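Chemist: Protein chains in written order, with the numbering used here: chain S, 1 to 154; chain W, 1001 to 1433.
Heads up, the beta-carbon is just placed ideally off N, CA and C, and yes, glycines get one too.
Computed from a prediction, not measured in an experiment: that's the story for all the values here.
Would you mind keeping the following structure in view while I ask a few things?
Okay, here's the thing in structure tokens:
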């Protein structure tokens, strides 16, 4: 069930476009913002609300990297694996995160705190290697900084 | 040296507020066009300035606009979209403009919208630019409040709404027709052309999509004229350019310099030269989808014409350096993994060809390469080339591959002959953990 607040926000997005369908990505973002991800149930709720079939909406949802169709942890770590970060040896960062959190790409820690994902270029290549946790960008990274950074996220 | 686009950007300091921006001459171009110029005058001035699209294609901006149908009988609303998706690996120049001076972008967008008589505009920006999003929202509020946006702007009768749309990730969104599909709430597959977006774009209406840096040039061209803009350049391609360098140089970064600054000057003076212990081996001049250039090209001016004549493209103008301690096969493998992953899957050569290329590069990288692999890679550079695919993604992907096979063929052959990567194990590109 969409909450009143979610419906209110989705209505606003619908008001800006010719047809409710055109607001479907915005609607998915709104639902993901409140739940962290988009469950099958949420997907159907949004589809019904904007007048699409679930299959049609899922074809859109699964196209985009940052609509999560599986549960994620409270914090999502996006490790840039693009060319400049690779040239600057980002693998040490990735491996240290994987080892410390005891998860691989696509997995979530048992306590539900972190999900680890690879991500293509974060657009900060002059300060590689880089990663993002939620809305925060970290750059010029060294392996030594990781413990302190992770501590900020509970 | 004039740096019109970045003169008010100070790293580490908040961007200018609307008031501060006005104090240094901000929004003067809007006042000028609304008072003194017809849309056709703006189009002609920009055409005469030789401003070429800074997103990578380098098409004359005024000419692009001229394909938009004008006049009272044309389907409305018309749209202007700022392409702020900047997802080309190795590219970070628009971030500087978006975070550093959002009012300059808004001003440029008003000029562009006026030139094509658009009444609705969008900034389509990638999700990762959180700081930029915050600053743009603030600047949009200020611009609405001051009457630069909305109905009857400065009493001229011209109306323009402007919205920020942040994406949800996918390289394809940078392709202008795919971007329009994304804005419409669809999968970001590219569209067939014709019809071109100028005639039938967003929601089927006439639409122009311009890159952020392109739009940011406009206020300065309006204020100072076409000849001034051409005079900023060292070569035949007009204006200044935001150049960037990433990789093993001493001071990587982004700088606004005269168009046509040489590659050598960029690397040695602005990038500080190679880091100690690393030697230059090659570079991609303008993002992941451009052909390698090597030592012999160091004295070329970085502009559209010269870089194209050398067999590559200036692209976004943000170069990625390949050093001697980075395996060129691994470098290309990383790029092809990216392109294979980002293919939208719509057309067969791209959907099937790019993973095949990636698989072969993985085999070569791992020491399992066969001599015939090189022929298969050569074959792909032709069959995934221009004209064989629905959009430019796969041909773009083939650019670094074909030029790596040309300039670094010995390194590929050595991998196959020795059955291992001659560079250190750590530098084999492994997409998974």
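Against residue 87 of chain S, what residues of chain W qualify as contacts under a CB-to-CB distance less than 8 Å, listed in chain order?
Modeler: 1246, 1247, 1248, 1320, 1321, 1322, 1323, 1326, 1331
Chemist: Under 8 Å, Cβ to Cβ, is there at least one residue of chain S near residue 1409 of chain W?
Modeler: no
Chemist: With H, G and I counted as helix, E and B as strand and the rest as coil, what does DSSP make of residue 1367 of chain W?
Modeler: coil
Chemist: Run down chain W in chain order and give the residues with a C-beta less than 7 Å from the C-beta of residue 63 of chain S.
Modeler: 1170, 1187, 1188
Chemist: Could you work out which residues of chain S lie near residue 1356 of chain W, taking near to mean beta carbons separated by less than 9 Å?
Modeler: Within chain S, no residue comes near residue 1356 of chain W; the closest Cβ sits about 20 Å away, beyond 9 Å.
Chemist: Does any CB atom of chain W fall closer than 8 Å to the CB of residue 140 of chain S?
Modeler: no
Chemist: Which residues in the same chain have their Cβ closer than 8 Å to the Cβ of residue 1048 of chain W, if we skip the five residues on either side of it in sequence?
Modeler: 1062, 1226
Chemist: My assumption, with CB atoms under 8 Å, is that residue 1330 of chain W sits in contact with residue 1243 of chain W. Please give the rounded CB distance.
Modeler: 26 Å between Cβ atoms; not a contact.
Chemist: If you draw a straight line from the C-alpha of residue 1305 of chain W to the C-alpha of residue 1121 of chain W, how long is it?
Modeler: 31 Å
Chemist: Closer than 8 Å, CB to CB, is residue 1200 of chain W near chain S or not?
Modeler: no
Chemist: Taking C-alpha atoms, which residue in S:124, S:115, S:133, S:74 lies nearest to residue 86 of chain S?
Modeler: S:124
Chemist: Closer than 8 Å, CB to CB, is residue 1314 of chain W near chain S or not?
Modeler: no
Chemist: What is the DSSP secondary structure of residue 68 of chain S, counted as helix, strand or coil?
Modeler: Secondary structure of residue 68 of chain S (DSSP, three-state): coil.
Chemist: Are there 16 or more other CB atoms within 10 angstroms of the CB of residue 3 of chain S, so buried, or fewer, so exposed?
Modeler: exposed
Chemist: Report buried or exposed for residue 1 of chain S, applying the criterion of at least 16 other Cβ atoms within 10 angstroms of its Cβ.
Modeler: exposed
Chemist: Within 10 angstroms of its Cβ, does residue 1027 of chain W collect 16 or more other Cβ (buried), or is it exposed?
Modeler: Taking all protein chains in view, the Cβ of residue 1027 of chain W is crowded by 16 or more other Cβ atoms within 10 Å, so the residue is classified as buried.
Chemist: Looking at C-alpha atoms only, which residue of W:1350, W:1291, W:1193 is the closest neighbour of residue 1399 of chain W?
Modeler: W:1291
Chemist: Can you list, in chain order, the residues of its chain with a C-beta nearer than 8 Å to that of residue 1149 of chain W? Leave out the 5 residues immediately preceding and following it.
Modeler: For residue 1149 of chain W, where only same-chain residues beyond five positions count, the Cβ hits under 8 Å are 1106, 1110, 1140, 1143, 1160, 1161, 1162.
Chemist: Taking the DSSP output, what are the residues bridged to residue 1256 of chain W?
Modeler: W:1242
Chemist: For a minimum of 4 consecutive residues, which ranges assigned as the alpha helix (DSSP H) are wholly contained in the region 1026–1064 of chain W?
Modeler: Listed in chain order, they are 1028–1036, 1039–1049.
Chemist: Please confirm if residue 73 of chain S has its CB atom under 8 Å from at least one CB of chain C.
Modeler: Among the protein chains in the structure shown, which are S and W, there is no chain C.
Chemist: Using a Cβ-Cβ cut-off of 8 Å, state whether residue 76 of chain S counts as contacting chain W.
Modeler: no
Chemist: Using only the alpha-carbon positions, how far apart do residue 1345 of chain W and residue 1232 of chain W sit?
Modeler: 42 Å
Chemist: Could you tell me which residues DSSP puts in a beta bridge with residue 1122 of chain W?
Modeler: W:1081, W:1163
Chemist: Taking residue 32 of chain S as the reference, give the member of S:19, S:72, S:48 with the closest Cα.
Modeler: S:72
Chemist: Quick check on this structure: which residue in S:120, S:52, S:60, S:150 has the alpha carbon closest to the alpha carbon of residue 100 of chain S?
Modeler: S:150
Chemist: Mind checking who residue 8 of chain S pairs with in its DSSP beta bridge?
Modeler: For residue 8 of chain S, which the question treats as bridged, DSSP gives no partner whatsoever.
Chemist: Closer than 9 Å, Cβ to Cβ, to anything on chain S: give me those residues from the region 1127–1148 of chain W, in chain order.
Modeler: 1127, 1128, 1129, 1130, 1131
Chemist: Under the three-state reduction of DSSP, which class applies to residue 80 of chain S: helix, strand or coil?
Modeler: If DSSP states are grouped into helix, strand and coil, residue 80 of chain S belongs with the strands.
Chemist: Please report the Cβ distance between residue 1016 of chain W and residue 1156 of chain W, rounded to the nearest whole angstrom; I am assuming they are in contact, meaning their Cβ atoms lie under 8 Å.
Modeler: In this structure residue 1016 of chain W does not touch residue 1156 of chain W by the C-beta definition: roughly 24 Å separates them, more than the 8 Å allowed.
Chemist: Does residue 36 of chain S have its Cβ less than 8 Å from a Cβ in chain W?
Modeler: no
Chemist: May I ask you to list the residues that DSSP assigns as paired with residue 138 of chain S?
Modeler: In the DSSP assignment, residue 138 of chain S is bridged to S:131.
Chemist: For the putative contact between residue 1283 of chain W and residue 1321 of chain W, defined by C-beta atoms under 8 Å, what is the C-beta separation to the nearest angstrom?
Modeler: 5 Å
Chemist: By the criterion of Cβ-Cβ separation under 7 Å, what are the contact partners of residue 66 of chain S in chain W?
Modeler: 1127, 1168, 1169
Chemist: According to DSSP, what are the bridge partners of residue 1211 of chain W?
Modeler: W:1083
Chemist: If you draw a straight line from the alpha carbon of residue 1310 of chain W to that of residue 1299 of chain W, how long is it in whole angstroms?
Modeler: 11 Å
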